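Residue numbers (our numbering), protein chains in the order written: chain X, 39 to 526; chain U, 27 to 365.
Built from N, CA and C at the ideal position, the CB exists for glycine as well.
Here the structure is a predicted model, which is why all the values come from computation and not from measurement.
For reference, the structure discussed in these notes is given below.
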Amino acid sequence: MNELMKMHYENKRREFLRGSVLGLGGIAMGSLLGCGSKNADRKAVQQVAEEINKPLVNPHFLPKAKRVIYLFQGGGPSQMELFDYKPMLYSMHGQEIPASVVGKNRISGMVSNQYSFPLAMPAATFKQHGAAGGYFSDHVPHIAEIADDICVVRSMFTEQINHEPAVIFTQTGNQLSGRPCIGSWLSYGLGSMNDNLPSFIVMVSKGGGDQPISSAAWSSGFLPSHHQGVQFMTGNEPVPFLNNPEGIDRMDRRRALDFIKGFNNIQNEVWHDPEIESQINQSEMAYKMQMAIPSITDLSDEPQHILDMYGPDVMTPGTFAHNCIMARRLAEKDVRFVQLYHLGWDHHGSIASGIKRATSLTDQPSAALVKDLKQRGLLDDTLVVWGGEFGRTSFSQGKLTPEGFGRDHHPGCYSIWMAGGGIKPGMVYGESDDFAHNVVKDKVHVHDFQATMMHLLGIDHEQFIYKSQGRRYRLTDVSGNVIHNLIA
Amino acid sequence: MIIDFLGHLHPVFVHLPIGFLALAYVIQYLFKSNTEKSRLIDFVLVAGILSSLLAALLGWMLSLSGGYEENLLDWHRYTAIAVCVVSIALLAYKKYKKEDYKTPYYHAGFHLMMLALLLAGHFGGEMTHGEGYLLEASTDLVSKGKAVGQHQRMPKPTASSTASDHDDITEPSGPAALDTIAPADAASIAALKKINVAVVPLATGTHFLELNMVNAPSFGDKDVPLLQQIAPQVMWLVLADTKITDAGLEPLKSCSNTTRLNLKNTAITNASIPWIAQFSKLEYLNIVGTKIDDAGLLGLAPSATLKKIFCWQSGITANGVMAFQKKYPNIDIDFGEKK
C-alpha cells in the first residue's frame, strides 16, 4: 500500500469516527434535553391525524355497485388474440409495421435491438357475438356467450411497459409501490358490510404461469394496515390455522385474545400508534374468520350444474376456476372487494400455444362467474372487471416464424372488459387503429378507469383523499376522468 | 410586480440577521475577551446590521401586498426597526469607545438588541403561523403547522377563518333528490344494530338507508317490528338468507320508498305476492330460491317502476316467465342459467 493510499484510508477512518461521535452525540443530547415526543404529544398527533383522515363511511352519492370482483390477468393479455379484431394484420402478415404507426410509442429493451418489426397475424379467428356485434376470438367462446352482459373497452392505455410498475400502476395509481391499492382504498373508505369477513380478499391462482406478482399490489400503503388485502392460500386450506389446537376451545381463545388486547390497549395508551389498533383489529378478524371461513370454503353445498359451469378445475383449490366460485361466494357474503390474480399472459414467444393455455384456464370460469352472479341477482350491484396491466405489440418479438412468434409488452393500447355494477351491458367502447397499436377513439387511461370504478361505487375520486406525510393522496393521483359513457 | 416578488424573499432573508446578531451575542458572552474576539464581534455585527437592513426593506415591500393583521404587523415592524437601530447604535458605540468599550451601557445595548430580536422574531412567527402558535405548539405541530406549510407565504386572511377549511373538502353534500326524508329513528337503528343488522346510509347527506341482514341470518318475523319506525327511510332491503316468512313480510309493505327488495333463499311463498305489489317504488326484486311459483308471478301486479326480477331456483318455470314477459315486456326477468 503506497503512502497516498494509506492517507486515504486513514482519513476515511477518522471521518467515520468524527461523524459517529458528532452524530451519536447529537442524538444522545437530544434525548437528554427531552426532545423525544411525550405521550401527550403522540396522543395529540394521532387525534389530529384521525380528524383529518376520516373514512368516508358513506359514499358521496348513491352507488350503483356495492362490491367489486377484479379478475386481474397478469402478464399482459394480447388484445389482438382476444377482443380487438384487426383484419389488416392478416393481410399484412410479415410486412414491416409502418413507422407512422409506431410513432413515439415506447418499445421495451427486449425488442429495441431488433432490426425488423414484422407484423404478425393473430393466432386466432374471430366471430361477432351479442346484440352489439362485438368481435370475440375463438379462444374465448364462453366470454363470447356473455357478450350481452359485458362491456369490452378496447381503448385502454397505460404509462408503464414493465410488469411490476404496470401492475402497481393499475392497482395503486402510481408506478412505484407504496401507495394503497384500490381494494385498500375501498376497505378504508366504505368499510365492510360483513362483520365476520375481511373487506378485501386476494386470491392468486396457481399453475397459470411463472410471472411474478408482489404483494405490494394489495398493500394498504399509508392507510392503516388492516386494510391491506387478506390473501387466501392456494392449497386445500385457504386460511390456515382455522381450527384451534387440541385442548384449546373457543372460549380459551376468546380469553387469550381479550388478555392480549388488554396489553395492546396499555401500549396504545403510551404510544398511540395506529398500527396497534390495526393489530387489535386483525386479531379480532382472525377470531371471527375461524367461524365464518369454513362455510365459505366448503363447496359441498354447490349443486353439480353450478360446479360444471365453472369448468373441470373448479374443485381443485388454487385454480382460477376455484377462485372464481369462491369470489362469488364471498360476494354473496357482501365482501367489498375480491381480487383475483391469474398470471401467465406474458407471451413473448409461442403466443399461439400460450394464449390457448391461458384462455383454457380462465375463459370458462370468468364467464361462469358473470352468469352465476347474474342469475342470483348479484351482478346488478357487483362490478366485475377482467383485465391486465398492458397489451402486446402487433409486431413479432424476435423472428416471425409460423406458429413460433411472440409479442412484446405494449402499453399504448389494450383491451379489458367489465360487467355489472352499473356498467352498460352489451357494449364495445373505444377503438384502436388498424394495427391495435394506438388508440384512435375514446381513450381510457388507467386513472380514468379507476375514477369510473370509484364513481360506480358512489365515490367522487377527487374528494376521496388521505393525507400522509404532509401531502394529500388520491387513488387517481392528480388526474383521471369518469367515463360517463361506460355507465348505464 | 417586482416589489411583490422581492417582498416574497423576506421570509428567506429574515433568518440572516437572526443568526448573525444572535451569534454576536453568543460570542460576546461565551468567550474570553481578546483582540481577536473584539474584531470577530465587529465583523458579525456588521453582517447582522447589513442583513437586518435588507430584511427590513424586503419586509416593508411584503407588507405593501397587504392582508396581514394590522396590529401584529405593527408590532413586528417596530420591533424589527428597533433591532436595526439598536444594533447600529451598539456598533457605533463600540467603535467610538475603542479599547474600553465594555461599559454597562454597552452590555445594556447588547441585551436590548437581543430582546428586540426575539420579539421581532416572535411577532413574525405569529403572523405566519397564526396567533398563539408558540403556546399551542403540541397540537398545532400537526394540524395547523402542516396546513400552514402549504400557505406559509400566504397572508392570513381574517381572524375567523381557520386552517381546517382545507380539510372539509372530503364532505360534499349528497344529491338533492335524496335529501327529502327526515332522519330515521335512532332508537330503532340502535335496536337493529344490536341484532347485527347492518344499517347503512346510502350516501352522504341522505337519511335513506340500506338494511342488510348478512350478519343476522336468524332475523325473522319476530324482529320485523323493529323496522316499523324507520320503514319510510329504508331504500334497499336485503332480507336474503333470513328466516323471514310471509307473515313477517306483510308489515314491511309500509316501506314505501324501497327500490330494492332482496328475498333470496327465504321461505316466502305466493302468499306474499300482494304485499310485494304494494312496494310502490320497487325497481329490483330478488325472489331467487323462494317458493313463489308461476301462479304467484302471474298474480303479481307490479309497480310501474319495477325493472328487474330475479327468480332462479324458485317455483317459477320457463312457461311462467314467458307468460309474464308477454304481459310486462318492459320488465327484465332473469330465470337463470338455461339448461
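Legend entry - Strand pairing of residue 189 of chain X, partner residues [DSSP]: X/456, X/465
Inset, instruction - Check whether the region 326 to 338 of chain X touches the region 292 to 304 of chain X, taking contact to mean three or more Cβ pairs, one atom from each stretch, closer than 8 Å. - result: no
Inset, instruction - From the DSSP output, in three-state form, read off residue 52 of chain X for me. - result: helix
Inset, instruction - Name, please, each residue of chain U whose Cβ falls closer than 9 Å to the Cβ of residue 462 of chain X. - result: Here the premise fails: no neighbours, minimum Cβ distance about 14 Å.
Inset, instruction - Report yes or no: is there a C-beta of chain X within less than 8 Å of the C-beta of residue 268 of chain U? - result: no
Legend entry - Contact with chain U by residue 97 of chain X, beta-carbon distance below 8 Å: yes
Inset, instruction - Determine, using beta carbons only, whether residue 226 of chain U and residue 236 of chain U come nearer to each other than 8 Å. - result: Cβ distance < 8 Å, so residue 226 of chain U and residue 236 of chain U count as in contact.
Inset, instruction - Taking only the alpha-carbon atoms, compute the straight-line gap between residue 81 of chain U and residue 55 of chain X and give it to the nearest angstrom. - result: 40 Å
Inset, instruction - Could you work out which residues of chain U lie near residue 287 of chain X, taking near to mean beta carbons separated by less than 8 Å? - result: Under the 8 Å cutoff, chain U gives no residues; its nearest Cβ is about 23 Å from residue 287 of chain X.
Inset, instruction - State the Cα-Cα distance for the pair residue 307 of chain X and residue 77 of chain X, rounded to the nearest angstrom. - result: Rounded to the nearest angstrom, the two C-alpha atoms are 8 Å apart.
Legend entry - Short CB-CB distance (under 8 Å) between residue 382 of chain X and chain U: Using a CB distance cut-off of 8 Å, residue 382 of chain X does not count as an interface residue toward chain U.
Inset, instruction - From the DSSP output, in three-state form, read off residue 197 of chain U for me. - result: Confidence at residue 197 of chain U is low in this model, with a pLDDT of 36, below 50, so the placement of that residue is unreliable and no value is reported for it.
Legend entry - Whether residue 43 of chain X touches residue 446 of chain X by CB criterion (8 Å): no
Inset, instruction - Measure from the alpha carbon of residue 99 of chain X to the alpha carbon of each residue in X/501, X/508, X/439, X/357, then state which is nearest. - result: X/501
Inset, instruction - Could you name the residues of chain X that residue 219 of chain U contacts, counting a contact when the two beta carbons are closer than 8 Å? - result: The premise fails here: residue 219 of chain U is roughly 11 Å from chain X at the closest Cβ pair, so nothing lies under 8 Å.
Inset, instruction - Could you have a look at residue 125 of chain X and say whether DSSP puts it in helix, strand or coil? - result: helix
Inset, instruction - Identify the contact partners of residue 233 of chain X in chain U, using a Cβ-Cβ distance below 9 Å as the criterion. - result: 222, 224, 240, 241
Inset, instruction - Keeping to the same chain, check which residues put their C-beta closer than 7 Å to that of residue 209 of chain X; ignore five residues upstream and five downstream. - result: 219, 220, 255
Legend entry - Beta-carbon contacts of residue 443 of chain X that lie in its chain and below 6 Å, excluding the five residues immediately before and after: 158, 434
Inset, instruction - Examine chain X for any beta-carbon lying closer than 8 Å to the beta-carbon of residue 288 of chain U, and answer yes or no. - result: yes
Legend entry - Residues within the region 412 to 436 of chain X neighbouring chain U, beta-carbon criterion of under 7 Å: Residues of the region 412 to 436 of chain X that bring their beta carbon within less than 7 Å of a beta carbon in chain U comprise 412, 413, 414, 415, 418, in sequence order.
Inset, instruction - Specify the secondary structure class of residue 276 of chain X as computed by DSSP and reduced to three states. - result: coil
Inset, instruction - Measure the Cβ-Cβ separation of residue 326 of chain U and residue 302 of chain U and say whether it is below 8 Å. - result: yes
Inset, instruction - Keeping to the same chain, check which residues put their C-beta closer than 8 Å to that of residue 428 of chain X; ignore five residues upstream and five downstream. - result: 114, 196, 198, 199, 204, 447, 448, 449, 452
Inset, instruction - To the nearest angstrom, report how far apart residue 382 of chain X and residue 112 of chain X are at their CA atoms. - result: In this model, residue 382 of chain X and residue 112 of chain X are separated by some 7 Å (Cα to Cα).
Inset, instruction - Could you please give the first and the last residue of the uninterrupted alpha helix (DSSP H) stretch that includes residue 120 of chain U? - result: 96 to 123
Legend entry - Rounded Cβ spacing between residue 425 of chain X and residue 455 of chain X (contact assumed at less than 8 Å): Confirmed, Cβ separation roughly 7 Å.
Inset, instruction - Look up residue 422 of chain X in the DSSP assignment and say whether it is helix, strand or coil. - result: strand
Inset, instruction - Kindly say whether residue 227 of chain U, judged by its beta-carbon, lies nearer than 8 Å to any beta-carbon of chain X. - result: Cβ-Cβ to chain X under 8 Å: yes for residue 227 of chain U.
Legend entry - For residue 405 of chain X and residue 105 of chain X, the rounded distance between their alpha carbons: 18 Å
Inset, instruction - Decide if the region 368 to 382 of chain X is in contact with the region 134 to 141 of chain X; the criterion is three or more beta carbon pairs, one per stretch, under 8 Å apart. - result: Contact between the region 368 to 382 of chain X and the region 134 to 141 of chain X is absent, because fewer than three Cβ pairs lie under 8 Å.
Legend entry - residue 530 of chain X: contacting residues in chain U (beta-carbon distance under 7 Å): The displayed coordinates of chain X run from 39 to 526. Any statement about residue 530 of chain X would go beyond what the structure contains.
Inset, instruction - Use the C-beta contact count for residue 352 of chain X: other C-beta atoms within 10 angstroms, 16 or more gives buried, fewer gives exposed. - result: buried
Inset, instruction - Can you check DSSP and say which residues form a bridge with residue 226 of chain U? - result: U/236
Legend entry - Inter-residue Cα distance where the pair is residue 226 of chain X and residue 243 of chain U: So the alpha carbons of these two residues sit roughly 26 Å apart.
Inset, instruction - Identify every residue that forms a DSSP beta bridge with residue 383 of chain X. - result: Note: residue 383 of chain X sits in no beta bridge, so no partner.
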